[in-house]
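Numbering (the working numbering), first residue to last: 1194 to 2138.
In this text, a Cβ means the ideal position worked out from N, Cα and C, and glycines have one as well.
To start, the structure itself, in structure tokens.
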Amino acid sequence: MSLKKLFFLSTVIFLIGQMDLFAQSEKVSLSGTIQDAKSGETLPFVVVNIKDLNLWTTSDINGKFSFKNVKKGEYTLTASCLGYKDYEMKINLSKNIEKYILKLEEQTLALKEVTVTATSGNKLNSSSSIKKAALEHVQASSIVDVMQLLPGSLTVNPNLNDISKLTIRDVTGKDATNAFGTAVIVDGARMSNDANMQMTSTALSNQGISTSAGTGIDARQIAVDNIESIEVIRGIASAEYGDLNSGAVIVKTKAGKSPLEVRFKTDPKIKQVYAGKGFALGENKGFLNIDADYVQSQNDIRTPAKSYNRLTAQIGYSNVFNPQGRAFSLNAKLKGLTTLDKQKSDPDKQSEEKTKVENQEISLNIYGNWMINKAWLTSLKYTVAGSLGKQYNWDHEQHTTVGAATTNSMESGEHVAGFLPYEYYSDLKIEGKPVYAQAKLTANISGKYGIFYNNFMLGGEWSTKGNEGKGKSFDPNNPPTQNIRPRSFKDIPYINEYSGFIEDKIKIEIGKRSIELSAGSRFTKIDTKGADFDVIVDPRFNARVTLLENRWNKKGWESLSIRVGWGIQHKMPTLAYLYPDPAYIDKASFSFKDDANDHKLAVITTNVFETDNDHLKIPKSNNFEIGVDFKVLNINASLAYFKEKLTHGYNQAGYAVPYQYREYNYSSSLTNPEYVNGEVVENGTSVGYRTLKTFGVFQRPDNGIKTDKWGIEYSFDFGKIDVIKTSILVDGAFFHTKTFDNSLKMIHESRYINNEPYPYVGLYVGGTNVGNGNLYQRLNTNLRLVTHIPQLRLVFTLGAQCVWMDKSKALSKYQGQCLAYMKDDDGNIIEGNVEKDKTYNKYINPVAYMDQDGTIHPFTETEANDPVFQHMIKSGKSTYFVEDSLDPYFMLNLRMTKEIGKFASLSFYANNFTNAKPWRYYQSSGSDFRVNSDISFGAEISLKF
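Listed below in structure tokens is the structure:
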């Protein structure tokens, strides 16, 4: 879509959004009192909202609230208060209403209806809402545990010892590209991992340390116990949200008065304690919320060498000023996080190798809403947030060498080098201080014009990210590996992003039918040194047609709606992708050691290559979905078909540059070689040398990942069977995901030809595997029987996880063609379907090769028949492309929550409590593996004072 068309679209959206300015209609008022449904006591400081108009207010100290100058019409009235069930009710404002009584029910298991699962449907896009009761019932140790409630997700046991990533609509649950594109927004502020540089070197293929740099956030950083609600947007997000490809996880933490609550959790790996309380500071003085939690996790209590410890604390202040006028809400939340220790040292081993990872972060988030309530401006939402982290990696590693030469030169050329000890320990330290700040202002203009309800949004956002850390350091005489150098992160430029967004939502009601349209666009400009990107445009569109709305028809169709959405979403780059480490290629030119006479000389040729990619693009996803939501015979159902196409996904690709170096002649007759005037001499005479040509190979950022994904998600709520007090819920999904790595990766053979380095570099699609892609398919169903007995304050969930289809296979495809081929034992090429055959070994040629002058040539049949070039042909086993299709497998999960009066509750979970771990055979590898999660138990006790 051209910028000219997008400008026209934005202008149309803006003009539609202003139509309320010209509307003239009679105004009415609404006032009333908010009460506790059970005790009748008035409730102060409750947020009341007329949802359709974006109008809000709060109740005063006496529980009274009021709205003035509201246009006549039918609206949805909502109310929320910490510790109470959310209130939602249709209200017809055809005249002034006074003394409206709004009753809130305290959120306990004594309520007639309690929701302990994710809810979806009745929105413009595919999204799931997870409330506090569901979070407590899941007994999540991290936010990743909550994702099992989404359609298509599988239950995974809690694990805090390894880096956790949030993914959406992901078959494997480990897709780094998916995790990178998942936005996490806490109290209106985006969490960012984009300034994380904790890597040994971006130029190396093997980092050797545990890191989340260059990917999504480590979800272990988010404490769960102080979360009030979570919304997971799986479909097309509003234009308000940017910097994402996969979807968004929106978290809202506690704010308001609450009793002192203490929680204790335990399972075989994790021990956790939490305490929090919300203080009312007095009339018109607001609330103060204080929360803290501590977690200790070990993979195996018998081997406490590997552990993870986390301490988080949050102080929040919230208040509403001038609630009966132009209300202004202020929320300020200060959060601290520290991972106290994560280290590995096995006392059963003689080696003293250890690794240690520490992470501290402090963040401040100030956000709120100013209710203007004018025809030209309804409200202003604002967010100002920032975080400062301190990241520390320490790797204490043992090395056994043959006294190899080493250098710490930062410049290209020949250098006199030192020698490594025959055995030593290296200490690599990586110290980062990621900085992230953002500011966001959103204007809303909402109103009613005849049968039209309109909500126009216009906003701007700024963010910056950088790193003030010392960077990488180590003893140059005892390096952790060759080919790396120290680097200060302070020298890396900041990345600034400037975004504007515009969106209009229109709802048209015609009797029991309605049409909702949302159209908008987001514009982003990246400003940073050394990189120039065009303005990034993300158009978004969602629509929903309600064909039937008759909530009182319990014996037939109550509601029926169809929704459709389309949008483009971009994920912005990180520091690691825009400013990668230089590559240092060290090559030994001469080495002489005479230990008896204590005379040594080593010469190393160092070549320094910049690894940044001037052609790096921004990952782009093109998303479409269509869904239907209905309720019939008291059965709630939601179905959605989606299709997502991701292009230019980030990855690292091998890159090669030719260079030459001198290899000096070595002779056993040498007794006192020296490096003089740029060459090795013996008694003033050059020892002689030969010049060799070779290649420096390193990793650099690329855009090789392409993903094509489609699927169907479904959820059915069959309602409660009153006789047994049990609700039946069924959800699941079919996912079909194709992922390709289309990077041209340069690989240099380590062999020598005629005593010289191999003279060519192969360019392989996706690497040296015979396949460059994978296909994953899975169909699963989760059946949940939720038994809720209000009289006993008990809720009990029995879940059956059914995986009906689980298929995976390797793929080979580039520019529409399969690159792999087959040969028999005699070397004859066999025609046939490569991806279905399982008789003949598979082979792949490079698509091109580079010579020693840096010229790239196509790899043709001539090269394939040349013995020198045949070293570049890679092979795979005969079953490499065979599809692994597993028989169905099942497991049972159990969750129970019991309230003991008003002041205590006990929860228990058991995953795969029958220990169903069947073997499944994978034809592609010829191996058997067990499926399903291991059996796992856990318990939690909560006390309120």
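task = Would you be able to state if there are at least three C-beta pairs under 8 Å between the segment 1217-1237 and the segment 1263-1282?
result = With the cut-off at 8 Å, the segment 1263-1282 and the segment 1217-1237 touch.
key: Where Met2065 sits in the DSSP three-state scheme   = Translated into positions along the sequence shown, residue 2065 becomes position 872. Helix.
query = Any contact of the segment 2034-2045 with the segment 2059-2079, i.e. 3+ C-beta pairs under 8 Å?
reply = Counting Cβ pairs under 8 Å, three or more are found: they touch.
key: Alpha-carbon spacing of Lys1288 relative to Tyr1268, whole angstroms   = Within the sequence shown, numbered from 1, the residue matching residue 1288 stands at position 95. Within the sequence shown, numbered from 1, the residue matching residue 1268 stands at position 75. Straight-line Cα distance between these residues: approximately 13 Å.
ask   = Measuring CA to CA, which of Phe1521, Ala1993, Gln2008 is closest to Phe2083?
value = On the sequence shown, residue 2083 is found 890 positions in, with the first residue counted as 1. Among Phe1521, Ala1993, Gln2008, the Cα nearest to that of Phe2083 belongs to Ala1993.
Outcome for Glu1702 when other beta-carbon atoms lying within 10 angstroms are tallied against a minimum of 16 = Along the sequence shown, one-based indexing puts residue 1702 at 509. Glu1702 should be labelled buried.
query = Using a threshold of 7 Å, is the CB atom of Leu1956 nearer than that to any non-hydrogen atom of the ligand MG?
reply = This structure does not include the ligand MG; it has no bound ligands of any sort.
Beta carbon of Asn1242 nearer than 8 Å to that of Ser1639 = Residue mapping note: residue 1242 aligns to position 49 of the sequence shown, counting from 1. Residue mapping note: residue 1639 aligns to position 446 of the sequence shown, counting from 1. Taking 8 Å as the cut-off, the beta carbon of Asn1242 is found no closer than this to the beta carbon of Ser1639.
request  = Answer yes or no: do Leu2085 and Phe2106 have a C-beta to C-beta separation smaller than 8 Å?
outcome  = Indexing the sequence shown from 1 puts residue 2085 at position 892. Indexing the sequence shown from 1 puts residue 2106 at position 913. Cβ atoms of Leu2085 and Phe2106: closer than 8 Å.
request  = Evaluate Ser1319 with the Cβ neighbour count: other Cβ atoms within 10 Å of its Cβ, from every protein chain shown; 16 or more gives buried, anything less gives exposed.
outcome  = Taking the first residue of the sequence shown as 1, we reach residue 1319 at position 126. So Ser1319 counts as buried.
task = Specify whether the segment 1651-1658 and the segment 1670-1683 touch according to this definition: at least 3 beta carbon pairs, one from each stretch, less than 8 Å apart.
result = The segment 1651-1658 is not in contact with the segment 1670-1683.
message = Using a Cβ distance threshold of 8 Å, determine whether the segment 1620-1629 contacts the segment 1574-1592, with at least three qualifying pairs required.
response = Counting Cβ pairs under 8 Å, three or more are found: they touch.
task = Look up Phe1215 in the DSSP assignment and say whether it is helix, strand or coil.
result = Sequence index remark: in the sequence shown, residue 1215 carries index 22 (1-based). At Phe1215 the pLDDT is 46, less than 50, meaning the model places this residue with poor confidence and gives no usable figure here.
task = Within the same chain, show all residues whose beta-carbon is closer than 6 Å to that of Ile1644, passing over the 5 residues directly before and after it, in chain order.
result = Along the sequence shown, read from residue 1 onward, the residue named residue 1644 stands at position 451. Shown here for Ile1644: same chain residues with a beta carbon closer than 6 Å to its own, the five before and five after excluded, namely Ile1701, Glu1702 in chain order.
message = Which residues does DSSP list as the beta-bridge partners of Gly1582?
response = For the purposes of this step, residue 1582 is identified with residue 389 of the sequence shown, where counting begins at 1. Beta-bridge pairing links Gly1582 to Glu1554.
ask   = Exposed or buried, Phe2122, counting other C-beta atoms within 10 Å across all chains shown (16 or more means buried)?
value = Numbered from its first residue, the sequence shown carries residue 2122 at position 929. By the 10 Å Cβ count, Phe2122 comes out exposed.
message = For Gly1596 and Lys1683, what's the separation of their Cα atoms in angstroms?
response = Position 403 of the sequence shown, counting from 1, holds the residue named residue 1596. Position 490 of the sequence shown, counting from 1, holds the residue named residue 1683. Going by the C-alpha atoms only, they are around 34 Å apart.
message = To the nearest angstrom, how far is the alpha carbon of Leu1214 from that of Arg1737?
response = Counting from one through the sequence shown, the residue named residue 1214 turns up at place 21. Counting from one through the sequence shown, the residue named residue 1737 turns up at place 544. At Leu1214, the pLDDT of 47 sits below 50, so the modelled position is not reliable; the number obtained from the coordinates is stated separately. Computed Cα separation, rounded: 25 Å.
key: Touch test, the segment 1778-1788 against the segment 1807-1819, Cβ-Cβ under 8 Å, three pairs minimum   = Using a Cβ-Cβ distance cut-off of 8 Å, the segment 1778-1788 and the segment 1807-1819 are not in contact, since fewer than three pairs of beta carbons, one from each stretch, lie closer than that value.
ask   = What do you get for Leu1826, buried or exposed, if any count of 16 or more other CB atoms within 10 angstroms of its CB means buried?
value = Numbered from its first residue, the sequence shown carries residue 1826 at position 633. Around the C-beta of Leu1826, fewer than 16 other C-beta atoms lie within 10 Å, and the residue is accordingly described as exposed.
ask   = Since Tyr1467 is in the beta strand (DSSP E), which residue starts that stretch and which ends it?
value = Translated into the one-based positions of the sequence shown, residue 1467 becomes position 274. Unbroken beta strand (DSSP E) run through Tyr1467: 1463-1473.
query = Cα separation between Ile2134 and Tyr1467?
reply = Numbered from its first residue, the sequence shown carries residue 2134 at position 941. Numbered from its first residue, the sequence shown carries residue 1467 at position 274. In a straight line, the C-alpha of Ile2134 is about 10 Å away from that of Tyr1467.
request  = Would you identify the three-state DSSP class for Phe1373, choosing helix, strand or coil?
outcome  = Taking the sequence shown and counting its residues from 1, one reaches residue 1373 at position 180. Collapsing the DSSP output to three states places Phe1373 in a helix.
inquiry  = My assumption, with CB atoms under 8 Å, is that Asn1354 sits in contact with Lys1499. Please give the rounded CB distance.
reply    = Looking up residue 1354 in the sequence shown gives position 161. Looking up residue 1499 in the sequence shown gives position 306. Contact between Asn1354 and Lys1499 holds: CB atoms are separated by about 6 Å, below the 8 Å threshold.
task = Taking 8 Å as the cut-off, decide whether the C-beta atoms of Ala1382 and Tyr1560 are in contact.
result = Translated into the one-based positions of the sequence shown, residue 1382 becomes position 189. Translated into the one-based positions of the sequence shown, residue 1560 becomes position 367. With respect to Tyr1560, Ala1382 sits close: the two C-beta atoms are nearer than 8 Å.
ask   = Residue range of the beta strand (DSSP E) that Ala1597 falls in?
value = As a position in the sequence shown, residue 1597 is number 404, starting the count at 1. Element bounds for Ala1597: n/a, residue is neither H nor E.
inquiry  = Buried or exposed, going by whether 16 or more other CB atoms sit within 10 Å of the CB of Tyr2042?
reply    = Within the sequence shown, the letter at position 849 stands for residue 2042. Looking at its Cβ environment, which holds 16 or more other Cβ atoms inside 10 Å, Tyr2042 is buried.
ask   = Can a CB atom of chain D be found closer than 8 Å to the CB of Leu1248?
value = Absence of chain D from the displayed structure is noted, only one protein chain being present.
Bridge partners - Ala1272, DSSP secondary structure assignment = Stepping through the sequence shown from its first residue, residue 1272 is reached at position 79. Answer is Val1241, Tyr1280.
task = Alpha carbon to alpha carbon, how far is Trp1563 from Ala1216? Give it in angstroms, no decimals.
result = The residue given as residue 1216 occupies position 23 in the sequence shown. The residue given as residue 1563 occupies position 370 in the sequence shown. Only weak support is given to the placement of Ala1216: the predicted model assigns it a pLDDT of 46, under 50, and the question is left unresolved by the model.
task = Measure the Cβ-Cβ separation of Asn1512 and Gly1479 and say whether it is below 8 Å.
result = Taking the first residue of the sequence shown as 1, we reach residue 1512 at position 319. Taking the first residue of the sequence shown as 1, we reach residue 1479 at position 286. The answer is yes: Cβ separation under 8 Å.
ask   = Per DSSP, what kind of secondary structure is Leu1246 in: helix, strand or coil?
value = Position 53 of the sequence shown holds residue 1246. Three-state DSSP puts Leu1246 in a helix.
ask   = Based on Cα-Cα distance, which residue from Glu1837, Asp1934, Ala1448, Tyr1646 lies nearest to Ile1134?
value = In this structure the chain extends from 1194 to 2138, so residue 1134 is not present and cannot be described.
key: Residues near Thr1900 by beta carbon distance below 6 Å, same chain, minus five either side   = Numbered from its first residue, the sequence shown carries residue 1900 at position 707. Correct list, in chain order: Leu1839, Thr1932.
inquiry  = Quick check on the burial criterion: 16 or more other C-beta atoms within 10 angstroms. Buried or exposed for Asp1791?
reply    = Here residue 1791 corresponds to residue number 598 of the sequence shown, with the count starting at 1. By the C-beta density criterion, Asp1791 is exposed, having fewer than 16 other C-beta atoms within 10 angstroms.
task = Please report how far the alpha carbon of Gly1469 lies from the alpha carbon of Gly1276, in whole angstroms.
result = As a first step, residue 1469 must be located in the sequence shown, where it is residue number 276. As a first step, residue 1276 must be located in the sequence shown, where it is residue number 83. Between the alpha carbons of Gly1469 and Gly1276 lies a distance of about 13 Å.
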